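Numbering (our numbering), first residue to last: 2 to 187.
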């Protein structure tokens, strides 16, 4: 009854929650159950088309507290129906060349595409970004056929994620330019 219980409770270390999200510009078109909609017209609870043929529910939409440099992807590249700008640190799906990976698609950073088929960084930061949150990892359709990776912020990913160097090497291999200098990175 009169015991000292000052040390009976240990400090609690909060567990970091795994956040699964994709950051997009507000004018990016996503396929929803009601047709194609811009990101700024979506609300939490809306469902967007995914690579597996289904629809994934958006659990939350937040506005990032930072601006991000953008990369411009011309229409026709990566099956996009029209021009699109994405944050440089976003990830997109790319079909792998034969023998490169067992997976049919890999996730690569958008900035690694600079200099490939007209993809280029823009000179301004995206003022109108939105971060879409999902319960599970997804590849979502944007601008008709472009697949954007809504990936976990930590831990393992279902889709192989390539870093900048590996992505550039894969692009060079698919173009038959292995062994040539990387002019976009220089």
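Idealized CB from N, CA, C, for every residue including glycine. Here the structure is a predicted model, which is why all the values come from computation and not from measurement.
Counting only the same chain and skipping the five closest in sequence on each side, list residues whose C-beta sits under 6 Å from that of residue i.
i, result
"residue 37", "30"
"residue 113", "165, 168 and 169"
Check the C-beta distance from residue i over to residue j and give it rounded, since I have them as a contact under 8 Å.
i, j, result
"residue 58", "residue 50", "So it is not a contact: roughly 12 Å between Cβ atoms."
"residue 136", "residue 60", "6 Å"
"residue 69", "residue 90", "7 Å"
"residue 21", "residue 131", "In fact, because the Cβ distance is near 15 Å, the residues do not count as touching under 8 Å."
"residue 24", "residue 88", "5 Å"
"residue 52", "residue 140", "4 Å"
"residue 115", "residue 72", "6 Å"
Under the DSSP definition of a beta bridge, which residues are partnered with residue i?
i, result
"residue 134", "22 and 61"
"residue 126", "70"
"residue 152", "22"
"residue 141", "51 and 149"
"residue 30", "39"
"residue 169", "In the DSSP output, where bridge partners are listed per residue, residue 169 has none listed."
Whose C-beta lies closer than 8 Å to the C-beta of residue i among residues of the same chain, with five residues either side of it excluded?
i, result
"residue 28", "39, 40, 41 and 129"
"residue 106", "52, 94, 95, 96, 97, 140, 148 and 160"
"residue 12", "none"
Spatial neighbours of residue i within its chain, please: C-beta separation below 7 Å, excluding the five flanking residues on both sides.
i, result
"residue 83", "76 and 144"
"residue 170", "none"
"residue 81", "74, 144, 145, 146 and 147"
"residue 65", "24, 130 and 132"
Check your understanding: Where are the alpha helix (DSSP H) runs, 4 residues long or more, that stay fully inside the segment 54-123, in chain order?
Key -> none
Point to revise | At least three beta-carbon pairs within less than 8 Å, the segment 117-128 to the segment 98-107 | key: The answer is no - the segment 98-107 does not touch the segment 117-128, with fewer than three Cβ pairs under 8 Å.
Check your understanding: So, do the segment 148-162 and the segment 86-99 have three or more beta carbon pairs nearer to each other than 8 Å?
Key -> yes
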